[in-house]
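Engineer: These protein sequence lines map, in sequence, to chains X and V.
What the first sequence shows, in the working numbering, is residues 358 to 567, in sequence order.
What the second sequence shows, in the working numbering, is residues 571 to 785, in sequence order.
Just dropping this structure here.
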Amino acid sequence: MAEPVLFDIDDRGVATITLNRPERLNAINMAMRDLLWEYLQACRDHPDVRAVCFRGEGRSFSAGADISEFGTAPSLWESRRARHERDVWGLLLSLPVPLVARLHGYCFGAGLELPLCCDVRVASEDGRFALPEVTLGYIPSAGGTQTLPRTIPPGAAADLILTGEPVGTEEALRWGLITRAVPEAELDAAVEEEVGRLLAGPFEPGRPRI
Amino acid sequence: MGAIGTLTLSGSVSTDAVVEALAGYVEGNARVAVVEAEADADLGAWPGERVRWLWRDYPLPVVFAFEGRLEGAAAAFALGCDIRVCGEGAALELDGATMDSLTAERARTLLGLAAEDAIPARLSAGEALEAGLVSRVGPAGSAGEVARGAAEAVAARGPIATRLAKEAVWRGLDQPLEQALRFETDLTLLLQATKDRAEGVRAFLEKRPPDFTGE
């Protein structure tokens, strides 16, 4: 079976992290979290990495966390300790290099929270964005309750988080939930253009920073 | 009482009456409040402490709906709410000069303005949507309906989750990011101990609508 997260560094120093579980719409499970943790540490420690690009294989970027694994943690205390010891989202927010998200299809839950830790979010016009956690009786827990109101106007963030309802690219662009929308056929070129711009010029972080 | 507590502000309404009505929704186990302001609504005064009470201390999410021109105390009330919606043709008038400091601070938070930035005196429905001060705009006359749509969504969610989500958003925003992220984690862990979360996950896996009880 293919690795559920792929990692590659090209000769320009652009690291690409690909969510690669398309049969599950790239639902992020614990194995993927572990790989993300490993790869992000590599991005932090590898002197050649100058930018990181996130993408999802298949029809969607990511439909969110893998709900089938919920409730399997040994205890609340263990969950808390594990989160603090392997703080994937905190590590993302503190990386010194620019982070770009290439988004398409469903970007739900953790599949939106990961891009919210990035500086640039380029989406194809079929993008759908939501933090639907409250529909399952919980709240965003990959930083979304904090990164969203620091990225888009907080009243709009409250609407998305409290209702759990999705928005399309028009609303997402209006509020800065995505930084650019393009037709699907132009998505790779647009991402490449953003990466090139970030490599060439001075870098102004677009994400909330720790 | 149902899951949605609905309050219509019409004519002259006292601050105490509004506070009492909102408190009644909490006691009656409502999951969300909708406040609709009619054109003649006159709240008299809605001081900054009450604006802060709405977002910081009132436990239920509040959706505010308005048509026409919203100003003065009713506008201050709107700023304290969690979600604002309006009809096309509505406008929000904010008089920065007469606003007390807590109300002005809230306006700046919602508009993403720095302390030294002037608060815009008038925002059309379109401008308020653009600025994210309102998050939904419907055809003229439909604000109440739009608000009920949003409130029905909130009411269908886990009620502990929506209360904690409200707290996470507004109280988290006042904290340094690193601390705010730990705050989110702790609220998440608190939710992991609820029946509602177990029901939410079970319902999702069984492909049926969840039956949240608020436990």
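Positions of the beta carbon are idealized from the N, C-alpha and C atoms, including for glycine.
Using a Cβ-Cβ cut-off of less than 9 Å, give me the residues of the stretch 674-699 of chain V that come near chain X, in sequence order.
Structural biologist: Per Cβ criterion, the list reads 679, 680, 681, 682, 699.
Engineer: When we look at the beta-carbon of residue 578 of chain X and count the other beta-carbons within 10 Å, is it buried (16 or more) or exposed?
Structural biologist: For residue 578 of chain X there is no data in the structure shown, the boundaries of chain X being 358 and 567.
Engineer: Are there three or more Cβ pairs, one per stretch, closer than 8 Å when the stretch 451-462 of chain X is compared with the stretch 504-518 of chain X?
Structural biologist: No contact exists between the stretch 451-462 of chain X and the stretch 504-518 of chain X.
Engineer: Using a Cβ-Cβ cut-off of less than 8 Å, list which residues of the stretch 710-735 of chain V approach chain X; keep chain order.
Structural biologist: Answer in chain order: 720, 723, 724, 726, 727, 728, 730, 731, 732, 734, 735.
Engineer: In the DSSP assignment, the beta strand (DSSP E) including residue 651 of chain V goes from what residue to what residue?
Structural biologist: Note, residue 651 of chain V: premise wrong, no beta strand (DSSP E); not H, not E.
Engineer: Enumerate, from N- to C-terminal direction, the unbroken beta strand (DSSP E) stretches of 3 or more residues contained entirely within the stretch 677-757 of chain V.
Structural biologist: Correct list: 692-694, 706-708.
Engineer: Name the DSSP bridge partner or partners of residue 365 of chain X?
Structural biologist: Per DSSP, X:373.
Engineer: Quick one: give me the first and last residue of the alpha helix (DSSP H) that residue 400 of chain X is part of.
Structural biologist: Per DSSP, residue 400 of chain X belongs to the alpha helix (DSSP H) from 387-402.
Engineer: Using 8 Å as the threshold, is the C-beta distance between residue 498 of chain X and residue 732 of chain V below it?
Structural biologist: Cβ distance not < 8 Å, so residue 498 of chain X and residue 732 of chain V don't count as in contact.
Engineer: Roughly how many whole angstroms lie between the Cα atoms of residue 473 of chain X and residue 500 of chain X?
Structural biologist: If I take the Cα positions, the gap works out to 9 Å.
Engineer: In this structure, does DSSP put residue 628 of chain V in helix, strand or coil?
Structural biologist: In this structure, residue 628 of chain V counts as coil in the three-state DSSP scheme.
Engineer: So that I know if they touch, is there some Cβ in chain X lying closer than 8 Å to that of residue 627 of chain V?
Structural biologist: No, residue 627 of chain V lies away from the interface with chain X (no Cβ there is under 8 Å from its Cβ).
Engineer: Between the Cα of residue 437 of chain X and the Cα atoms of V:754, V:781, V:776, V:657, which residue gives the shortest distance?
Structural biologist: If we check each option's Cα against that of residue 437 of chain X, V:754 comes out closest.
Engineer: Grab the span of the alpha helix (DSSP H) containing residue 603 of chain V for me, first residue to last.
Structural biologist: Segment 602-607 is the beta strand (DSSP E) holding residue 603 of chain V; no alpha helix (DSSP H) there.
Engineer: Could you please tell me which residues of the stretch 752-767 of chain V, in chain order, have their CB closer than 9 Å to any CB of chain X?
Structural biologist: Result list: 752, 753, 754, 755, 756, 757, 758, 759, 760, 761, 762, 763, 764, 765, 766, 767.
Engineer: Out of V:638, V:741, V:667, V:578, point me to the one whose CA is closest to residue 693 of chain V's CA.
Structural biologist: Measuring from the Cα of residue 693 of chain V, the nearest candidate turns out to be V:638.
Engineer: Among residues of its own chain, excluding the 5 on either side of residue 676 of chain V, which ones have a beta-carbon nearer than 6 Å to its beta-carbon?
Structural biologist: Counting only Cβ-Cβ distances below 6 Å, and skipping sequence neighbours, we find 621, 649.
Engineer: Would the beta-carbon of residue 450 of chain X fall within 8 Å of that of residue 414 of chain X?
Structural biologist: Not in contact: residue 450 of chain X and residue 414 of chain X (Cβ atoms no closer than 8 Å).
Engineer: Straight-line CA distance for residue 690 of chain V to residue 701 of chain V?
Structural biologist: Their backbone Cα atoms lie some 11 Å apart in a straight line.
Engineer: Quick one: is residue 599 of chain V buried, meaning 16 or more other Cβ sit within 10 Å of its Cβ, or exposed?
Structural biologist: Burial call: exposed.
Engineer: Counting only beta-carbon atoms, is residue 774 of chain V nearer than 8 Å to chain X?
Structural biologist: So, interface residue.
Engineer: Nearest to residue 609 of chain V by alpha carbon, out of V:708, V:659, V:632, V:704?
Structural biologist: Out of V:708, V:659, V:632, V:704, V:659 has the C-alpha closest to the C-alpha of residue 609 of chain V.
Engineer: Just checking, does the stretch 765-774 of chain V make contact with the stretch 502-509 of chain X on the three C-beta pairs under 8 Å criterion?
Structural biologist: Taking 8 Å as the limit for Cβ pairs, the verdict is that the stretch 502-509 of chain X does not touch the stretch 765-774 of chain V.
Engineer: In this structure, does DSSP put residue 595 of chain V in helix, strand or coil?
Structural biologist: Three-state DSSP puts residue 595 of chain V in a helix.
Engineer: I believe residue 588 of chain V touches residue 632 of chain V by the beta-carbon criterion, under 8 Å. Please report the beta-carbon distance rounded to the nearest angstrom.
Structural biologist: Wrong, their Cβ atoms sit about 11 Å apart, outside the cutoff.
Engineer: Let me know the secondary structure DSSP gives residue 526 of chain X once reduced to three states.
Structural biologist: DSSP places residue 526 of chain X in helix when its eight states are reduced to three.
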